[in-house]
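*Asks:* There's a structure below that I have some questions on.
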Amino acid sequence: MYRVKDFILMEVFNVNGKKIGYINDILIDFDKKRVIGFKVSSSGIFSNSINVLNEDIISFNNVMIVDKFNKNRYFSFSEIKGLDTVDNCGNIIGVIEECIFRKNDFYITGLLISTGFFNNFINGKLAIPVCNTILGEDNLLNYKQCDKFNLRSMPHKLFKKDGEIKIVEEQETN
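26 is the number of the first residue of the sequence shown in the working numbering; add one for each residue after it.
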């Protein structure tokens with residue numbers, strides 16, 4: 026799975042090796058739940074942003090190599106980042122922070138929702154499947170919120186329990 030942050034600031038080159046710029050956003054089709062391309066800030070001083078569609082990408086790893094680009098207008102992730110996410114009852118769950126999509130077909134599988142700085146630190150961020158959402162002008166509706174389980178992105182072992190430290194110390198002495 027990829028996230029938006031995996032592509033931000035990735036350098037973009039054409040097939041001749043000339044640097045076009047760097048990626049500053051992703052282009053999405055929220056109706057089809059797909060990432061359709063990338064918005065590239067060109068390296069020229071007076072140049073506007075250009076767009077690279079998925080079918081124009083030759084390869085990408087640390088840098089992206091593209092065949093062609095265009096200057097058409099597309100819907101970008103930055104336009105929905107920070108939107109409130111509400112449930113069926115109208116309660117605010119949090120704000121959209123990140124988009125998660127598959128590697129092979131760039132299908133958007135989920136969104137990471139930030140529930141607040143301290144709540145993120147203690148409980149983790151909320152991950153919701155994008156198939157259960159409807160995008161509005163002012164917010165995102167999560168219409169199938171299930172009380173049976175919640176997906177969360179938790180911080181990794183920041184604190185060790187006393188028992189874990191003793192076990193490590195015992196193993197070092199043996």
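Every residue, glycine too, gets a C-beta built ideally from N, C-alpha and C.
Look up S72 in the DSSP assignment and say whether it is helix, strand or coil.
*Replies:* Note: S72 maps to coil in three-state DSSP.
*Asks:* Could you give the distance in angstroms between the alpha-carbon of Y47 and the alpha-carbon of N76?
*Replies:* Distance between the alpha carbons of Y47 and N76: 11 Å.
*Asks:* Going by other Cβ atoms of all chains shown within 10 Å of its Cβ, with 16 needed for buried, is K150 buried or exposed?
*Replies:* The residue in question, K150, is buried, as its Cβ has 16 or more Cβ neighbours within 10 Å.
*Asks:* Opposite R59 in the DSSP bridges: which residues?
*Replies:* Paired residue(s): D54 and Y132.
*Asks:* Quick one, which of K30, D31, I83 and S72 has its alpha-carbon nearest G42's?
*Replies:* The shortest Cα separation from G42 among K30, D31, I83 and S72 belongs to I83.
*Asks:* What does a CB cutoff of less than 7 Å around E194 pick up in its chain, not counting 5 residues either side in sequence?
*Replies:* Low per-residue confidence applies at E194: pLDDT is 42, beneath 50, and the placement is therefore not dependable, though the value from the model is reported in the following sentence. Once the five neighbours on either side are set aside, E194 has no close Cβ partner at all.
*Asks:* Opposite K44 in the DSSP bridges: which residues?
*Replies:* K44 pairs with F38.
*Asks:* So, with DSSP's three-state summary, where would you put E104?
*Replies:* Note: E104 maps to helix in three-state DSSP.
*Asks:* My output table needs one value for F32: the three-state DSSP class, helix, strand or coil.
*Replies:* The answer is coil: DSSP assigns F32 none of H, G, I, E or B.
*Asks:* Give the single residue among S103, E104 and I118 whose Cα lies nearest to the Cα of T110.
*Replies:* Of S103, E104 and I118, the residue nearest in Cα terms is I118.
*Asks:* Looking at C-alpha atoms only, which residue of N144, N157 and F143 is the closest neighbour of L136?
*Replies:* Per the Cα distances, N157.
*Asks:* Can you tell which of I121, C114 and P154 has the C-alpha that lies nearest to the C-alpha of Y132?
*Replies:* The shortest Cα separation from Y132 among I121, C114 and P154 belongs to P154.
*Asks:* Alpha carbon to alpha carbon, how far is N145 from S139?
*Replies:* Answer to the nearest angstrom: the Cα atoms are 7 Å apart.
*Asks:* Just the Cα atoms here: how many angstroms apart are D81 and C114?
*Replies:* Distance between the alpha carbons of D81 and C114 is about 43 Å.
*Asks:* Helix, strand or coil for C124? Go by DSSP, reduced to three states.
*Replies:* Looking at C124 - three-state DSSP - the assignment turns out to be strand.
*Asks:* Give the straight-line distance between the Cα atoms of G107 and K30, rounded to the nearest whole angstrom.
*Replies:* About 15 Å.
*Asks:* Output the boundary residues of the beta strand (DSSP E) element that contains N164.
*Replies:* Per DSSP, N164 belongs to the beta strand (DSSP E) from N164 to N167.
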